[in-house]
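Residue numbers (my numbering): 2 to 366. Glycine included, each C-beta is placed from N, C-alpha and C at the ideal position. Input: a single structure, listed below in structure tokens.
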Amino acid sequence: MISDRRKAPPQAAVRAVERLRDALARIHRRLVPGHLALLEMVAAGWLTQAIHAAAALDVAGALADGPRDGTELARAVGADEDALHRLLRLLIGHGIFTRRPDGRYALTPLAQALRSDAPVSLRDAVLFFGSATHRDHWTHLVDSVRAGGPAAGSGHGKAFFDRMRTDRELGEMFDRAMASIDSLGQDPVLAAYDFTRYRTIVDIGGGRGALLAEILRRAPDCTGVLFDLPEVVADAGPRLRAAGVADRCVVIEGSFFETVPDGGDVYLLKHIVHDWPAEQARQILRTIRATMPPTARLLLIELVLPGHHRPHPGNYIDLEMLVNTGGRERTETEYRALLAESGFALLTCTPTLSPENILEAVPVP
Ligand SMILES: C[S@@+](CC[C@H](N)C(=O)[O-])C[C@H]1O[C@@H](n2cnc3c(N)ncnc32)[C@H](O)[C@@H]1O
Numbered sequence: 002m003i004s005d006r007r008k009a010p011p012q013a014a015v016r017a018v019e020r021l022r023d024a025l026a027r028i029h030r031r032l033v034p035g036h037l038a039l040l041e042m043v044a045a046g047w048l049t050q051a052i053h054a055a056a057a058l059d060v061a062g063a064l065a066d067g068p069r070d071g072t073e074l075a076r077a078v079g080a081d082e083d084a085l086h087r088l089l090r091l092l093i094g095h096g097i098f099t100r101r102p103d104g105r106y107a108l109t110p111l112a113q114a115l116r117s118d119a120p121v122s123l124r125d126a127v128l129f130f131g132s133a134t135h136r137d138h139w140t141h142l143v144d145s146v147r148a149g150g151p152a153a154g155s156g157h158g159k160a161f162f163d164r165m166r167t168d169r170e171l172g173e174m175f176d177r178a179m180a181s182i183d184s185l186g187q188d189p190v191l192a193a194y195d196f197t198r199y200r201t202i203v204d205i206g207g208g209r210g211a212l213l214a215e216i217l218r219r220a221p222d223c224t225g226v227l228f229d230l231p232e233v234v235a236d237a238g239p240r241l242r243a244a245g246v247a248d249r250c251v252v253i254e255g256s257f258f259e260t261v262p263d264g265g266d267v268y269l270l271k272h273i274v275h276d277w278p279a280e281q282a283r284q285i286l287r288t289i290r291a292t293m294p295p296t297a298r299l300l301l302i303e304l305v306l307p308g309h310h311r312p313h314p315g316n317y318i319d320l321e322m323l324v325n326t327g328g329r330e331r332t333e334t335e336y337r338a339l340l341a342e343s344g345f346a347l348l349t350c351t352p353t354l355s356p357e358n359i360l361e362a363v364p365v366p
């Protein structure tokens, strides 16, 4: 295991640095001819594939014990030495890996995040987002924009999750990718919200329980209920046991279109509502509304779209939903309306250090 997470900077400082970065990018775009600025953006897709290749070869894992020369590294990852050098040359230019004066390759902080055992590892997310299936969905973006929803290869909401369920190799890659992305937002969400005030926390569509396990670990008096599709929760045991919370967590399988567990003090939905178009999102929320105790709370953790036009991760994920599931990212106003249509009143929308926001709502009597 590598070194511990660094202390989180204040939220205001992070936002100020983001604004500065965006301003510098705008200045750069104005200074260079438009076609050059555009070409740089087009090449971003190639960079994604290069990062994917490094992750698939596990170059970062092979450098975990220290720098290696090209011959040794190529042998360790099973690659052609010259081709590996060309791959790393591109990545080094972006701060992913470095080459020392003695010619040996080494890790950088960005490359550390490609290690499977990093405290916050992106390797599984990179493997999914660079996979042939994912690329295939995105090649249909133009058709999705024409049609207003998922096109060939992906299929509408239920079809997407059905495919993840029946093609278990793909489904497992997806589940691991979600857990990997989940680890990114975990600390900021847990720092922004006090879960210790609840007795029973129900995580709806909680995947393999990564977030719930961490919440329970930090809130020793709470019990948890993990709810997701049967094929997904079947793999939750090891994570819950590793976190030492298995004895305080019940695992229940089912579909949130039919039923959800009752008796919770809070119902947590992280990256669930954004997966679905309004009609299905309302259906999920109404199922919860019909089952939850009247005093319970609802928490949505989502990338709430901001009012500005600067780059925002939510705009990428919004298109990811368009091509894959037919879902969408929403503004706070849109969430407020969706919740009201489903029998809830939005109380607060709390920003976190990450792009995640925590929307807290109560059932309307
Ligand atoms: C985008 S993932 C989010 C997972 C997790 N909450 C997280 O943030 O990492 C969506 C989750 O919804 C689950 N899901 C999809 N359809 C479902 C259904 N009908 N009933 C219950 N869970 C479902 C998927 O299995 C998946 O774990």
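First through last residue of the beta strand (DSSP E) which encompasses residue i
{"i": "I28", "result": "Here I28 belongs to no beta strand (DSSP E); instead the alpha helix (DSSP H) covers 12-32."}
{"i": "F98", "result": "Segment: none, F98 is in no beta strand (DSSP E) and carries neither H nor E."}
{"i": "E330", "result": "Taken as a continuous stretch (DSSP letters only), E330 belongs to no beta strand (DSSP E), as it is neither H nor E."}
{"i": "P352", "result": "345-352"}
{"i": "D229", "result": "224-229"}
{"i": "L304", "result": "That residue, L304, is in no beta strand (DSSP E); it is neither H nor E in DSSP."}
{"i": "E254", "result": "250-254"}
Near ligand 1: residue i beta-carbon under 7 Å from a heavy atom
{"i": "L300", "result": "no"}
{"i": "L212", "result": "yes"}
{"i": "F196", "result": "no"}
{"i": "V138", "result": "Here residue 138 turns out to be His, not Val, going by the sequence shown. False, no ligand heavy atom lies under 7 Å from that Cβ."}
{"i": "M174", "result": "no"}
{"i": "A180", "result": "yes"}
{"i": "D276", "result": "yes"}
{"i": "G328", "result": "no"}
{"i": "V233", "result": "yes"}
{"i": "H272", "result": "yes"}
Spatial distance of residue i from residue j (CA atoms)
{"i": "M42", "j": "L108", "result": "25 Å"}
{"i": "R200", "j": "D263", "result": "13 Å"}
{"i": "E321", "j": "Q187", "result": "21 Å"}
{"i": "S181", "j": "A148", "result": "31 Å"}
{"i": "I3", "j": "A119", "result": "Residue placement at I3 cannot be trusted, given a pLDDT of 46 that sits under 50; what the coordinates show is reported in the next sentence. Near 6 Å, if we compare the C-alpha coordinates of A119 and I3."}
{"i": "A75", "j": "Q50", "result": "19 Å"}
{"i": "P239", "j": "F345", "result": "35 Å"}
{"i": "A57", "j": "V127", "result": "9 Å"}
{"i": "H310", "j": "R337", "result": "21 Å"}
{"i": "E357", "j": "V305", "result": "7 Å"}
{"i": "P10", "j": "L323", "result": "33 Å"}
{"i": "D229", "j": "A297", "result": "20 Å"}
{"i": "L123", "j": "G131", "result": "12 Å"}
{"i": "P189", "j": "A220", "result": "16 Å"}
{"i": "P364", "j": "D176", "result": "30 Å"}
{"i": "L111", "j": "M293", "result": "42 Å"}
{"i": "L270", "j": "L360", "result": "10 Å"}
{"i": "L300", "j": "A362", "result": "6 Å"}
{"i": "A291", "j": "S343", "result": "10 Å"}
{"i": "A38", "j": "A160", "result": "38 Å"}
{"i": "E259", "j": "I285", "result": "8 Å"}
{"i": "G245", "j": "P34", "result": "56 Å"}
Start and end residues, alpha helix (DSSP H) containing residue i
{"i": "D319", "result": "314-325"}
{"i": "A204", "result": "Correcting the residue identity first, residue 204 is Asp in this sequence and not Ala. Here D204 belongs to no alpha helix (DSSP H); instead the beta strand (DSSP E) covers 201-205."}
{"i": "V365", "result": "Per DSSP, V365 belongs to no alpha helix (DSSP H) and is neither H nor E."}
{"i": "T140", "result": "133-140"}
{"i": "L213", "result": "211-219"}
{"i": "L270", "result": "Taken as a continuous stretch (DSSP letters only), L270 belongs to no alpha helix (DSSP H), being part of the beta strand (DSSP E) at 267-271."}
{"i": "A51", "result": "45-58"}
Buried or exposed by the 16-neighbour rule on C-beta atoms within 10 Å, applied to residue i
{"i": "W277", "result": "buried"}
{"i": "Y106", "result": "buried"}
{"i": "D5", "result": "Low confidence applies here, because D5 scores a pLDDT of 45, under 50, leaving its location unreliable; read the following figure in that light. D5 comes out exposed."}
{"i": "E280", "result": "exposed"}
{"i": "L348", "result": "exposed"}
{"i": "G327", "result": "buried"}
{"i": "V18", "result": "exposed"}
{"i": "D168", "result": "exposed"}
{"i": "H95", "result": "exposed"}
{"i": "G210", "result": "buried"}
{"i": "N325", "result": "buried"}
Distance between beta carbons of residue j and residue i, contact taken as under 8 Å
{"i": "L185", "j": "V121", "result": "6 Å"}
{"i": "L171", "j": "T224", "result": "Not really, about 33 Å apart at Cβ, beyond 8 Å."}
{"i": "V267", "j": "I202", "result": "5 Å"}
Below-8 Å beta-carbon distance, residue i vs any chain E residue
{"i": "L339", "result": "Among the protein chains of the structure shown there is no chain E, as only one such chain exists."}
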